[in-house]
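A.B. asks: Once you've had a glance at the structure underneath, I'll fire off some questions.
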Ligand SMILES: [Ca+2]
Ligand SMILES: [Ca+2]
Ligand SMILES: [Ca+2]
Ligand SMILES: [Ca+2]
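In this note's numbering, the protein residues as written are 2 to 336.
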């Protein structure tokens, strides 16, 4: 049994949680896709490593006792996939847990359960009440996220690796009302970031692979027509990360990734209508572990649905499957 120490970023209290990692892996051993299985195990491990968690923690780190160091207590690596020497192949979808942040600022992680849905939630940290936007990032292209970018209400932007204290990578990001890392869009293999400002302009920041990002470049204007923008990996089968965006009429649009820093998305194509029945759309990668990235949708009643990816640009999603019956509206942020 592996003991994972979870530390509260807001105080000196320490939490201990046991996580039977070996048992978890054993439970998943029936899965045929070895690579996906290892990624799944890594995603489950990451849930218990979100821990130290917030920009607030980073800002006040000098004022409080040092939390129990996760690195010393955790015998599994903080980046599970790379520790196994697993590298992503083209078209191989990322596998990550889904995270939910509730109003008090607690974060819960839901790893894929290996049978098409999500596992029970694991408390992964607190103090996230000041976080407005968050998105997972895979720095080493092994198919598992290594941490997250987050924007606070005052516009600070931070990167935090799993189990590590977030550090500041900039300020003034209160101008953005949306932030998504859809995967590697251009440049080096590390995941990149897009953010939309109040005027509707979309910007791209390339990730350096260490949590830091380069100078922003404008993608284009007019993105204020969308009330949801998300993505995590390739939806169209070409190995390049894509995004989807929902407009005010409930139409969902696909923007294929091009791999170009200067023009990272192709002209949009229509996926379908009726998507305004959902109050959240989010992708964290492949949930049913078939190698294709998927889309998660939450309806206004708090139920959760999975749209499994097809790998086809013409019809990127299969009909929905319900993976959560109720209660998901407790989260003000899903990432
Ligand atoms: Ca990784
Ligand atoms: Ca990149
Ligand atoms: Ca693609
Ligand atoms: Ca899938």
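Just so it is clear, CB atoms sit at the ideal spot from N, CA and C, and this is done for glycine as well. These numbers were taken from a predicted model, which means no experiment stands behind them.
Closer than 7 angstroms is what we want: which residues have a beta carbon that near any heavy atom of ligand 2? List them in chain order.
C.D. replies: Going by the Cβ distance cut-off, the answer is 185, 186, 187, 188, 189, 190, 191, 192, 193, 207, 208.
A.B. asks: Name the DSSP bridge partner or partners of residue 281?
C.D. replies: Bridge partners of residue 281: 299.
A.B. asks: Measure the beta-carbon distance from residue 294 to residue 286 and round it to whole angstroms, keeping in mind my assumption that it falls under 8 angstroms.
C.D. replies: The pair is a contact, with the Cβ atoms about 5 angstroms apart (cut-off 8 angstroms).
A.B. asks: List the DSSP bridge partners of residue 246.
C.D. replies: In the DSSP output, where bridge partners are listed per residue, residue 246 has 230, 254.
A.B. asks: Does the beta-carbon of residue 219 have 16 or more other beta-carbons within 10 angstroms, so that it is buried, or is it exposed?
C.D. replies: With fewer than 16 Cβ atoms within 10 Å of its Cβ, residue 219 is classed as exposed.
A.B. asks: Roughly how far, in whole angstroms, is the beta-carbon of residue 233 from the beta-carbon of residue 284, given that I think they are within contact range, below 8 angstroms?
C.D. replies: Sure, about 4 angstroms apart at Cβ, within 8 angstroms.
A.B. asks: Closest by CA to residue 129, which one among 152, 137, 302?
C.D. replies: Minimum Cα distance to residue 129 is reached at 152.
A.B. asks: Once the 5 residues before and after residue 260 are set aside, which same chain residues still bring their CB inside 7 angstroms of it?
C.D. replies: Result list for residue 260: 187, 241, in chain order.
A.B. asks: Check each candidate in 221, 114, 301 and name the one with the smallest Cα separation from residue 262.
C.D. replies: It is 221 whose Cα lies nearest to the Cα of residue 262.
A.B. asks: For residue 135, name the three-state secondary structure that DSSP assigns.
C.D. replies: In the structure shown, residue 135 sits in a strand (DSSP, three-state: E or B).
A.B. asks: Kindly provide the chain-ordered list of residues whose Cβ lies closer than 6 angstroms to any non-hydrogen atom of ligand 3.
C.D. replies: Qualifying residues come out as 235, 236, 237, 239, 241, 243, 257, 258.
A.B. asks: Which same chain residues end up closer than 8 angstroms to residue 203 when comparing Cβ atoms and leaving out the 5 residues on each side of it in sequence?
C.D. replies: So the qualifying residues of the chain are 195, 196, 197, 219, 220, 221, 222, 224.
A.B. asks: To the nearest whole angstrom, what separates the beta carbons of residue 199 and residue 178, a pair I think is in contact under 8 angstroms?
C.D. replies: That belief holds up - the Cβ atoms of residue 199 and residue 178 are roughly 6 angstroms apart, short of 8 angstroms.
A.B. asks: Between the alpha carbons of residue 215 and residue 160, how many angstroms are there, rounded?
C.D. replies: Each residue's alpha carbon lies about 13 angstroms from the other.
A.B. asks: Tell me, to the nearest whole angstrom, how far the beta carbon of residue 138 is from that of residue 146; I am working on the premise that it is less than 8 angstroms.
C.D. replies: Right, the Cβ-Cβ distance comes to about 6 angstroms (below 8 angstroms), so this counts as a contact.
A.B. asks: For the putative contact between residue 239 and residue 255, defined by C-beta atoms under 8 angstroms, what is the C-beta separation to the nearest angstrom?
C.D. replies: Not quite, the Cβ-Cβ distance comes to about 12 angstroms (not below 8 angstroms), so this is no contact.
A.B. asks: List the DSSP bridge partners of residue 323.
C.D. replies: Partner(s): 306.
A.B. asks: Return the first residue and the last residue of the beta strand (DSSP E) that residue 177 is part of.
C.D. replies: 177-184 is the extent of the beta strand (DSSP E) around residue 177.
A.B. asks: Say yes only if the C-beta of residue 143 is nearer than 6 angstroms to one or more non-hydrogen atoms of ligand 1, and no if none qualify.
C.D. replies: Answer for residue 143: yes, Cβ within range of ligand 1.
A.B. asks: At which residues does the beta strand (DSSP E) containing residue 168 begin and terminate?
C.D. replies: Note, residue 168: beta strand (DSSP E), 168-171.
A.B. asks: Less than 6 angstroms separating the Cβ of residue 147 from some heavy atom of ligand 1?
C.D. replies: Correct: residue 147 has its Cβ closer than 6 angstroms to ligand 1.
A.B. asks: Do residue 144 and residue 95 have their CB atoms nearer than 7 angstroms?
C.D. replies: Contact flag set, yes.
A.B. asks: Out of 314, 45, 315, which has the shortest C-alpha to C-alpha gap to residue 109?
C.D. replies: Closest option to residue 109, Cα to Cα, is 45.
A.B. asks: I need the straight-line Cα distance from residue 228 to residue 247, nearest angstrom please.
C.D. replies: Going from the Cα of residue 228 to the Cα of residue 247 covers about 6 angstroms.
A.B. asks: Could you check if residue 139 belongs to the surroundings of ligand 1, using beta carbon to heavy atom distance under 6 angstroms?
C.D. replies: Checking the Cβ of residue 139 against ligand 1 gives yes.
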